[in-house]
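Chains as they are written, first to last, in this note's numbering: chain A, 1 to 470; chain B, 1001 to 1470; chain C, 2001 to 2470; chain D, 3001 to 3470.
4 protein chains.
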Amino acid sequence: MGEHQIAAPQKPEAKPVFARSWMERLRVSRFWSSIADRGGRFAALPAANIDPGERARLLAAALISGRGEASGAAVARELHAVLTALDPPRRLGFYRYLAENFQPDAEPLAAAARAYLTEPTAGTAARLAEAAEPVRQEVLRRMNMSPGGTAMLVAMRKEILGLLRDHPALQPLDADLKHLLASWFNRGFLELRRIDWNTPAAVLDKLIAYEAVHEIAGWDDLRRRLAADRRCFGFFHPALPGEPLIFVEVALVTGLAGSVKALLARDAGDDEQRARAAAADTAIFYSISNCQDGLRGISFGNFLIKQVVEELRIELPQLQRFSTLSPVPGFCAWARARLEETERAALERPDWWEDAQVSAALQAPLLKLCAEYLTSVVKGKGPADPVAKFHLGNGARLERINWLGNVSPRGLAESFGMMVNYLYDIATIEANHEAFVRDWTIARSDEVEGLLAEAPAPRRRRFGGLASRS
Amino acid sequence: MGEHQIAAPQKPEAKPVFARSWMERLRVSRFWSSIADRGGRFAALPAANIDPGERARLLAAALISGRGEASGAAVARELHAVLTALDPPRRLGFYRYLAENFQPDAEPLAAAARAYLTEPTAGTAARLAEAAEPVRQEVLRRMNMSPGGTAMLVAMRKEILGLLRDHPALQPLDADLKHLLASWFNRGFLELRRIDWNTPAAVLDKLIAYEAVHEIAGWDDLRRRLAADRRCFGFFHPALPGEPLIFVEVALVTGLAGSVKALLARDAGDDEQRARAAAADTAIFYSISNCQDGLRGISFGNFLIKQVVEELRIELPQLQRFSTLSPVPGFCAWARARLEETERAALERPDWWEDAQVSAALQAPLLKLCAEYLTSVVKGKGPADPVAKFHLGNGARLERINWLGNVSPRGLAESFGMMVNYLYDIATIEANHEAFVRDWTIARSDEVEGLLAEAPAPRRRRFGGLASRS
Amino acid sequence: MGEHQIAAPQKPEAKPVFARSWMERLRVSRFWSSIADRGGRFAALPAANIDPGERARLLAAALISGRGEASGAAVARELHAVLTALDPPRRLGFYRYLAENFQPDAEPLAAAARAYLTEPTAGTAARLAEAAEPVRQEVLRRMNMSPGGTAMLVAMRKEILGLLRDHPALQPLDADLKHLLASWFNRGFLELRRIDWNTPAAVLDKLIAYEAVHEIAGWDDLRRRLAADRRCFGFFHPALPGEPLIFVEVALVTGLAGSVKALLARDAGDDEQRARAAAADTAIFYSISNCQDGLRGISFGNFLIKQVVEELRIELPQLQRFSTLSPVPGFCAWARARLEETERAALERPDWWEDAQVSAALQAPLLKLCAEYLTSVVKGKGPADPVAKFHLGNGARLERINWLGNVSPRGLAESFGMMVNYLYDIATIEANHEAFVRDWTIARSDEVEGLLAEAPAPRRRRFGGLASRS
Amino acid sequence: MGEHQIAAPQKPEAKPVFARSWMERLRVSRFWSSIADRGGRFAALPAANIDPGERARLLAAALISGRGEASGAAVARELHAVLTALDPPRRLGFYRYLAENFQPDAEPLAAAARAYLTEPTAGTAARLAEAAEPVRQEVLRRMNMSPGGTAMLVAMRKEILGLLRDHPALQPLDADLKHLLASWFNRGFLELRRIDWNTPAAVLDKLIAYEAVHEIAGWDDLRRRLAADRRCFGFFHPALPGEPLIFVEVALVTGLAGSVKALLARDAGDDEQRARAAAADTAIFYSISNCQDGLRGISFGNFLIKQVVEELRIELPQLQRFSTLSPVPGFCAWARARLEETERAALERPDWWEDAQVSAALQAPLLKLCAEYLTSVVKGKGPADPVAKFHLGNGARLERINWLGNVSPRGLAESFGMMVNYLYDIATIEANHEAFVRDWTIARSDEVEGLLAEAPAPRRRRFGGLASRS
């Protein structure tokens, strides 16, 4: 959406034809009814008569008129159709119109504010809340009445999120959309579904598209991720059938997995995969991806992991351990300033990690640094690493840091190849969480504790002979 | 729930253990975490330690603490279990607790109110709305995270509606519940389903229980209502599977049906029913019932009728007419003062309607009176008759008034046996609605117009010889 | 298929308009095609042109003509429609036509028979089997190609079974139908489904209609049979959706139930029913009913009981015992001749079983007699009692005989009120069955063994004072 | 399965332990019961005690013993498990055992044969059919009682078909399997299902594997075949869920499509595909593939095409034409001997079809030749081309021969690139079929008629200058 395009909505038509008070709203409704009287059903209006952007705005206004009350579903359906065909500049114009209008009525709101300030009781607070509620939310709720309305609103928020930086005036619209979507996508309305090779291809397609951690390289790779020693679960919402909101990929393994490569390898046949599943004592959550940009800021991951743990405990009672294998996205950036110069030099070599000696020399100091990074807390904000913050906030424990757990280019660039296990232990999950919330206490294993306690001194020495090699 | 029972919540425990500000809330969370630390999972706490009413309140508080964010689903599940087992007085106590606490924080709200009054812009209005939103709604949203949470909240509101008169303090809780449920039961989330003899018995059971217009006298009667020349549709919500929200019963007939008796008769065999369906040119909506008291005030009927019209047009393209056969619940009360004395006397005889002469004498004046009643408007409120107000507000037309259309005791007592057809005509529905909203213009057929235009004079005379007969 | 075969169907109605040989069949097919040429599709032919019975016969013949091979589904559909509208005499005519025609070709069959007699090898036997297969079975298989064809064939067999006595010529048709249906309703194609209050009413309806052991007195009674402490399972076939083939009713109880009355009582509320189910250690199979007369002689009961035992063991691992509570339909008839005169006299009194003294006097001798009856074997045929024969043949053990277990009129009339438990014990079921098959050995409990061992002497004496009382 | 492998079944164990008469069968049953008595359930038998091949044979025998009647499902399940783990030589041994045993009882069969020869009536024929029915079919029916039994039998037949040439003794087993499967996979039991992008990936996988006409090159190609302007339908059987039996691919186009390339091109976006579907007047059936080798010889294609035509007429009433675009697999082989020498030479050049002049010279003579090929009839066998025979036998009309309709290597090698349209015209389908069955009359369009009527003379001349170019 280019810069010049936004000129359009700044023309008079962008000025709220539609007024702010309910009384004016009624007037619009009158206007509408007269159109309706002349033209019969709206769909019959010749498109030439009215600009489609204007038409969208009039329909949005009609939605909260008396007409919207009686024929809301029909108006919503028509608005949906009009919006679908709108070009980007007109869409932006429509969003601005929504963002700038549909305020609460000024008079009653001021009165309620004064009443509350005079006597701040539960009653005056309740009346103030009522007077303050933006009419816009009701407009959005009524837009939802169209078939496919929820999907449209989610798509709308996705687009608005992309426009926000250049168009901060859309902020109130985004806030209202997020508030509504958070209420509608409440955990109580989500369905957990297992995703496997019997899932419709249209859903699997989306897994390939949305996978955000370890890219899925086509259908054969996908098939491996859904094999007998794997599990995949997602949350779905009844109004978005066939659209995963979030999904998690799980590997059934023996012992705590420390390396991504083994998990993603396509090495085993069906029988071996089944045998592995039967023998597994550990479930590794190795990838979790949000799918809907339009639901950004509405959190599902915590619920998903915990419910999947419950599901797996029922299906596979032999499982002893539930853990992630997670990236450390912020480590390199954080660590660079803290590295010795020789370390830095060593790490600059293209394939440093394939040189056994270099790798051995770097292992201990980097592991220790990583432990320090993962347990460091930014004042008032918690752990610096976002992935750590997520899992620790869920009540997981920092269990193990894996040297060269992910030697993909991205893994090396983000974290010098390190991967981390966060352990979800039902028995301690609540206490971990509480301690974390209280004062950012970070639950950690003895092994991590050991790394932190290691003396830093020997670091330099280990690199004694390295410089000459490069 | 008797009067003496409400003593309980007035004891100290009803006083908000729980404080109003978020800071205090955090303290509660601390308290909780220490309990959790000692006792492990909550379910493990000995029930003797803590009163279940108190437990429910603590859990509700925990829901919006940090703990609720991490383990919300688990806390919600536990709260659900505790509430299920609570006795009525403690339940009332819990409701009062919800109603009286979880206010917005006073300080920020006052500041936002002052800011808005100083400078009433979109921005200050948005911040005021945010500051004013009752925390209680978030508590309710988190209660919804429990499996079966939505059903619990709907049941809760049903109970609260019954308590409101004696406990007006519950009003804010009811308002928040209604606001949330209206958003969640948005038309966009409802599923229209046909209900027939292949529907699970558990759903059909509810039809028998909820039918509010023409009682269903058991399963054989129900079977008649679902026969080949009948249709029944209901709205369902994904979170309440198996629970109709509202349903409508339709008869497929030839010509406009004026009498309930024929519609409810169980006279025809399967083949005849199929033949009637094939020959029908008219769909009569003869009963529409809301099922969920907990959703009172959230309107589904308008949407349901219109979508069923669309469904039937697709299934049975030969249908020419869509009409209700509706009661006139307020007619008798309204009419009595307007009757001639001889009329009144005649109508007091037990079986006046079976006496052909009496009936003939009353027919014209009562039909005219009924037409006057149905087209009369209470200033600022619209039609006096609630059923008329509903259908006319939907855009239907007052089509025909049927003499002795319902001679059941209830029909006679409410409306001297009269029944009314409201016609849903796609071509005029919007215009009718707009005119109605504008100035209570009531769309009516020529036939009704004729009744209104009739001279009143002959009324008395027709009754000339009647008095002597009694 | 030789010419002389057309001798067989020589009676008038059997006179083949339609010829018996394949060559003639082809000719008919020609005839048909010319009709088709003139009249377009068959459905367009005026009904007046041809008698519907004749039409049905021609279509059946067409099914195995070349035409049937290409347009079999269309011809089958048309035949289905014609048969549906046929009157009973014409239907009988059609059945006779099927029964008397569609023989194997005589020449090849005779040749194959001779070849086998000359050299009885696997090869000649196979060729003889092929030559002998009645063309009729192929006709029936092709009739099945119509939508609803399987249901039609089942209904057809039901009607034919009712006609067999008066029309023994239908025997070959019945035999072919049974052979086909037994193959199609093979256990491998049946689906076990739980039936409960969430089952479509149309299926539940059939339970009421088909229950053959303890009549279901309407929907309220049915609801009791599907309550939380009950289970009901049925077999269904994919081609007859919504039609149970057989169903079994199970009560979850504590200890072995001996009386029908307690099982059928509608005394408990939902909570109590759930509590009973949770506490139950025994599953009582108290009713098993075949639903489809048209599948008579094709056995499902054995499979059903055993699979339901497996299902219940999974759902309710606490169950210790699986037993029937079964009637003894043949006991009275068998016992009468063996009763003492005083016993006979006592049993003739209308309510003898309510007289404690009489009942006490009769109990021991009748229990012993019943044990003798149930363990008696008709030479070459096994147990005299059909219910005993069924369960013992399945491998169950005769566990207990219950005095006054069923005091309904039918129970008294059949078995002097006695009911029997047959125990299905996984550990012994195969051995019991094998012993039964080998030499009619009847597995029985020590308790039953004790009854059999009782001395008969005291019988007379117990009745010392009874005669005078009557 | 190599030659040395078949050694195994020739050892004594292959000799029927199991005897041929029912009396002997009973003895085996005895044997079994004694094993059962000692070892409890069969699964408990130590595997070492008995060779798995022998075990399979004993279980098959047990299936038709008394034991099979009572515990058939359990025995079938065990046999299934044993067979699954059997190695190929032992499997062959098992097949031979099935093929060579389970004959009808010799004595009764001979008697029935004699009775029939003495007096060939319907009655003696029926009794002979009964006596001749191979017990083996009952064994196979009982094997079907295991969960997954049907799939196992289909797989078994597939393997046997591959063994038949080297082991003709398996013929009777194959015949019985085919007979049973044909009865079980009767059209009346098949479900037509649309296959699209919402179909489970596990089913789509099979499309890629089974496509026999135009190879599907992975998932992206598959997606094209299921796009908005395509349709795909398959038949499924309830006992093989997720396994298509046959599927057909259809393209929605405007006008009769003559070239495969256009149909398979992945050129259009979603919107264009939808637009094409909306504008289409013709459905082209461009690929039809059988999926189950084990069902070879059981015909589904005729039914599938006709039902898909019906489905499409309902979904897309604007369709005017239903036609195939089919290969001509036998043309090259047939044509070679009939070509002029210059033609032959021209066709030997690698890319002759890309040379406009050569192609132009060859077009007319080859089209005429192809028309002659497709309308030529092998005496007593019908059309030489198998694809032509299939569609003409279904009642389709030979509509058009397309020059260079398929220039893939296979298309060129089989038919010099020619493709044919067979038109399925509801109005003439039956008459076409009848005429074809009667005397191989081949329905053809005027265009094809024109090709046939063309004078052959100019052929040579057109090639006048060609020889010099090569």
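Ideal placement from N, C-alpha and C gives every residue a C-beta, glycine not left out.
- Apart from sequence neighbours up to five positions away, no residue of its chain approaches Trp219 (chain A) with a beta-carbon distance below 6 Å.
- Contact between the stretch 115 to 129 of chain A and the stretch 86 to 102 of chain A is not established, with fewer than three Cβ pairs separated by less than 8 Å.
- The three-state secondary structure of Pro1409 (chain B), taken from DSSP, is helix.
- Sequence-distant Cβ neighbours of Asn3402 (chain D) in its own chain, meaning closer than 8 Å and more than five residues away, are Gly3258, Ser3259, Leu3325, Met3418, Met3419, Val3420, Asn3421.
- Ile401 (chain A): member of the beta strand (DSSP E) spanning 397 to 402, first to last residue.
- Val248 (chain A) has its alpha-carbon roughly 17 Å from the corresponding atom of Asn198 (chain A).
- A distance below 8 Å between beta-carbons, with the five flanking residues on each side excluded, links Leu2367 (chain C) to the following residues of its chain, in chain order: Ile2401, Trp2403, Met2418, Leu2451.
- Pro88 (chain A) counts as exposed, since fewer than 16 other C-beta atoms from the protein chains shown sit within 10 angstroms of its C-beta.
- In this structure the stretch 2270 to 2277 of chain C touches the stretch 2220 to 2231 of chain C; the number of beta carbon pairs closer than 8 Å is three or more.
- Put simply, the backbone Cα of Gly2234 (chain C) is about 34 Å away from that of Val2075 (chain C).
- Identification of residues in the stretch 3161 to 3188 of chain D having a C-beta nearer than 9 Å to some C-beta of chain C yields Ala3169, Gln3171, Pro3172, Ala3175, Asp3176, His3179, Leu3180, Ala3182, Ser3183, Trp3184, Asn3186, Arg3187, Gly3188, given in sequence order.
- Membership of Val250 (chain A) in the beta strand (DSSP E) is indicated by the continuous run 246 to 253.
- Look at the stretch 1188 to 1216 of chain B: the residues with a C-beta under 8 Å from a C-beta of chain C are Trp1197, Asn1198, Thr1199, Pro1200, Ala1201, Ala1202, Leu1204, Asp1205.
- Relative to Leu263 (chain A), the option among A:Ala279, A:Arg224, A:Ala333, A:Thr124 whose CA is nearest is A:Arg224.
- Contact annotation: the stretch 1140 to 1152 of chain B does not touch the stretch 130 to 139 of chain A, with fewer than three C-beta pairs closer than 8 Å.
- Residue state for Pro3317 (chain D) is assigned as coil, using DSSP reduced to three classes.
- Within chain A, the C-beta atoms nearer than 7 Å to that of Gly1149 (chain B) come from Gly188, in chain order.
- The beta-carbon of Trp2352 (chain C) is placed no less than 8 Å from the nearest beta-carbon of chain B.
- By the criterion of a C-beta distance shorter than 7 Å, Trp440 (chain A) is surrounded in its chain by Val377, Gly382, once the five residues flanking it on both sides are discounted.
- Near chain A, meaning a CB-to-CB distance below 7 Å, the residues of the stretch 1416 to 1437 of chain B are Glu1430, Ala1431, His1433, Glu1434, Val1437.
- For Thr3428 (chain D), DSSP records no beta bridge to any residue.
- Arg3193 (chain D) has its alpha-carbon roughly 13 Å from the corresponding atom of Leu3207 (chain D).
- Annotated as proximal: Pro120 (chain A) and Ala1110 (chain B), with beta-carbon spacing under 8 Å.
- Here Pro2386 (chain C) is exposed: its Cβ has fewer than 16 other Cβ atoms, across all protein chains shown, within 10 Å.
- Think of a sphere of 9 Å around the beta carbon of Tyr1116 (chain B): the chain A residues whose beta carbon falls inside it are Leu109, Ala110, Ala113, Ala132, in chain order.
- Residues of the same chain with a CB within less than 8 Å of the CB of Lys1261 (chain B), apart from the 5 flanking positions on each side, are Asn1406, Val1407 in chain order.
- In its chain, beyond the 5 residues on either side, Ala2099 have a beta carbon closer than 6 Å to the beta carbon of Pro2172 (chain C).
- The beta carbon of Phe1189 (chain B) lies closer than 8 Å to those of His1237, Pro1238 in the same chain, with the five residues before and after it left out.
- With 16 or more other Cβ atoms from the protein chains shown falling within 10 Å of its own Cβ, Thr2124 (chain C) counts as buried.
- Per DSSP, the continuous alpha helix (DSSP H) segment holding Ser1183 (chain B) begins and ends at 1171 to 1184.
- By the beta-carbon neighbour count (other beta carbons within 10 angstroms, threshold 16), Asn3049 (chain D) is exposed.
- Nearest in C-alpha terms to Ala2155 (chain C), of all of C:Arg2296, C:Asp2051, C:Leu2222, is C:Arg2296.
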